[in-house]
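Structure first, commentary second.
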Amino acid sequence: MTVTDPTPPAAPYRFLQGNFAPVGEERTDTALEVEGAIPPALSGRYLRTGPNPVTVDEDDYHWFLGDGMVHGVRLADGRAEWYRNRWVRTEAACGALGEPFTMERDEGGLYEGMGNTNVVHHAGRIWALTEGALPIELGPELDTRRSSNFGGALPAGINAHPKFDPQTGEMHVLSYTFVPPFSYYQVVSADGRLVRQVEIGNGGPVMMHDMGLTASKVVVFDLPVVFNLELAMAGVRLPYRWDPSYTPRVGLLPRDAADGSATTWVELDDACYVYHPLNAYDLDDGRVVIDLVVHPRAFDDPERGDPSQGDPNLQRWTIDPGAGRVHREVIDGHGQEFPRGDERLATARHRFGWSGGFPDFDSIGAVGDRPVPVLKHDVVAGTTEEKVLGPGIVPGEMVFVPASPTSGEDEGWLVGYAYDKARGASDLVVLDANDWAAPPVATVHLPVRVPAGFHGNWVPDRALS
Ligand SMILES: [Fe+2]
Numbered sequence: 001m002t003v004t005d006p007t008p009p010a011a012p013y014r015f016l017q018g019n020f021a022p023v024g025e026e027r028t029d030t031a032l033e034v035e036g037a038i039p040p041a042l043s044g045r046y047l048r049t050g051p052n053p054v055t056v057d058e059d060d061y062h063w064f065l066g067d068g069m070v071h072g073v074r075l076a077d078g079r080a081e082w083y084r085n086r087w088v089r090t091e092a093a094c095g096a097l098g099e100p101f102t103m104e105r106d107e108g109g110l111y112e113g114m115g116n117t118n119v120v121h122h123a124g125r126i127w128a129l130t131e132g133a134l135p136i137e138l139g140p141e142l143d144t145r146r147s148s149n150f151g152g153a154l155p156a157g158i159n160a161h162p163k164f165d166p167q168t169g170e171m172h173v174l175s176y177t178f179v180p181p182f183s184y185y186q187v188v189s190a191d192g193r194l195v196r197q198v199e200i201g202n203g204g205p206v207m208m209h210d211m212g213l214t215a216s217k218v219v220v221f222d223l224p225v226v227f228n229l230e231l232a233m234a235g236v237r238l239p240y241r242w243d244p245s246y247t248p249r250v251g252l253l254p255r256d257a258a259d260g261s262a263t264t265w266v267e268l269d270d271a272c273y274v275y276h277p278l279n280a281y282d283l284d285d286g287r288v289v290i291d292l293v294v295h296p297r298a299f300d301d302p303e304r305g306d307p308s309q310g311d312p313n314l315q316r317w318t319i320d321p322g323a324g325r326v327h328r329e330v331i332d333g334h335g336q337e338f339p340r341g342d343e344r345l346a347t348a349r350h351r352f353g354w355s356g357g358f359p360d361f362d363s364i365g366a367v368g369d370r371p372v373p374v375l376k377h378d379v380v381a382g383t384t385e386e387k388v389l390g391p392g393i394v395p396g397e398m399v400f401v402p403a404s405p406t407s408g409e410d411e412g413w414l415v416g417y418a419y420d421k422a423r424g425a426s427d428l429v430v431l432d433a434n435d436w437a438a439p440p441v442a443t444v445h446l447p448v449r450v451p452a453g454f455h456g457n458w459v460p461d462r463a464l465s
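For the sequence shown, counting from 1, position 309 maps to 309 in the numbering used here; every step adds exactly one.
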């Protein structure tokens, strides 16, 4: 396959350039070069997934739809024991790979997706997730095991951004479809059973990528990226488009609500799109604070299915259900995505957060030469500090791992992959989250490129039963 270099890049080629391009083989490497010292407290796996199509139809490829490939590095006792990458063995991936399809399936017949959007751990197991799909369980060495509906009757596949309540151990998640009532809220217990399901009822069939969770409420995005039946009928694989006529809203659903009629919907003054919040929490007076990366528009292009238009930045929304308004302020004006915080503070007031400082969409895939810093946000001091890893080194999502269960909010490490353009390969980078001026604590030089992907998590050994 030859990828031309149109300027500006036009989809679908755009999603195949630079470090967006897929890799063609699975590897297991145990002799890994390490610079610096891996903290012995990091005992577990860093797992991250992303689109990595087995085969590509250049004219009909969207980055969001590629076969999932999970890249993992196991750290233990101060050593990097292995790197491995594995396609998630969905029926489509097995077909393209020419392999028999062996994944076990739960009843219900729901779509399993690609496993290309997020990797989480819950109830002692590892799950690869795609928006609107059933979770796919992976083994500790990234073998594909089964899909799961958590033992319940899901009306639709769940989204790929569940929230984990550190107080209860529960997993909270939303799902959506293109038919009324459009959206649902689900709770999966700490031991992995679907224990609660509530219809929400958005205003229409919107793409709802993520959610917010406070101690008392679910934050529901009802924003103008809308399912388009005409495009679907025409065979467009991702038939969602920006709809300027759609009323942008955010909903507050009490976690204990019997049904979605308890949702308070608050309209936004200006339309926008949100993929990812950093964190949300309750104020004592009933308002809700949510920090999040906001895109002025998304999918505002009938040809390309472009995920973003305008410059995304980090904002704080203070949602006042009593007054019926959302107060919006910009926390940091850098172009950015993949915000993450200390998960121990999920649903509670936070001070710090980290994100990738992407000046434009293409820089996620290392297309172009604009530097990409990792950003550390202190929302109490009102500061954002940049950390550029080096010339031509492009980080992806960075995940915070606390130094110990009792350590402070930024006392720990940030872990993630970074693509080194000069080397043509990627590193696993471990940064000191507290000392932003310090060089990386450790850099594991991988022998291969890890294509730009979406989300991952640190899976400590103690999380796997
Ligand atoms: Fe996401």
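Just so it is clear, CB atoms sit at the ideal spot from N, CA and C, and this is done for glycine as well.
- Distance between M211 and A348, taken at the CA atoms: about 15 Å.
- The beta carbon of Y176 sits no closer than 7 Å to any heavy atom of ligand 1.
- Inter-residue distance for I393 and V429 is about 11 Å (C-alpha atoms, whole angstroms).
- If you check the CB distance, V444 and D427 come in under 8 Å.
- Set against 7 Å, the gap from the CB of Y184 to the closest heavy atom of ligand 1 is not smaller.
- Linking L283 to P447 through their CA atoms gives a straight-line distance of about 48 Å.
- Distance between P373 and A366, taken at the CA atoms: about 12 Å.
- M171: member of the beta strand (DSSP E) spanning 171 to 176, first to last residue.
- Boundaries for S261: no alpha helix (DSSP H) harbours it, and the DSSP string shows neither H nor E there.
- Here the C-alpha atom of H121 lies approximately 7 Å from the C-alpha atom of A463.
- Selection R89, G78, D60, D59 evaluated against M69 yields R89 as nearest (Cα-Cα).
- Runs of the alpha helix (DSSP H) lying entirely within the stretch 340 to 413 and spanning at least 4 residues, in chain order: 361 to 364.
- No Cβ-Cβ contact shorter than 8 Å links V119 with L231.
- Around the beta-carbon of A323, fewer than 16 other beta-carbon atoms lie within 10 Å, marking it exposed.
- For L229, there is no enclosing beta strand (DSSP E); the residue is found in the alpha helix (DSSP H) stretching over 229 to 233.
- When DSSP states are grouped into helix, strand and coil, F338 belongs to the strand group.
- Taking the C-beta atoms as reference points, V220 is found nearer than 8 Å to L174.
- Proximity of the beta carbon of D291 to ligand 1 is not indicated: no heavy atom of the ligand is located closer than 7 Å.
- Close CB contacts of R351 within its chain, under the 7 Å cut and outside five residues either way in sequence, are with D378, V379, V380, E409 (chain order).
- Per DSSP, G108 lies in no beta strand (DSSP E) and is assigned neither H nor E.
- Closest in C-alpha terms to Y275, from the list R125, V179, D222, F150, comes D222.
- Secondary-structure assignment with DSSP links S183 through a beta bridge to Y176.
- Using a Cβ-Cβ distance cut-off of 8 Å, the stretch 123 to 138 and the stretch 147 to 165 are in contact, since at least three pairs of beta carbons, one from each stretch, lie closer than that value.
- In the displayed model, N116 falls within coil according to three-state DSSP, outside both helix and strand.
- Exposure of H327 is indicated by the presence of fewer than 16 other C-beta atoms within 10 angstroms of its C-beta.
- When C-beta atoms of the stretch 226 to 241 are compared with those of the stretch 250 to 263, fewer than three pairs fall below 8 Å, so the two segments do not count as touching.
- Between H71 and Y417, the C-beta spacing is below 8 Å.
- According to the DSSP secondary-structure assignment, K163 is paired through a beta bridge with H172.
- Excluding its 5 nearest sequence neighbours in each direction, S189 has C-beta neighbours in its own chain below 7 Å: E170, V195, listed in chain order.
- The C-beta distance from P402 to R344 rounds to 6 Å, short enough to meet the 8 Å contact threshold.
- In terms of Cα proximity to R249, the closest of R325, F178, S148 is R325.
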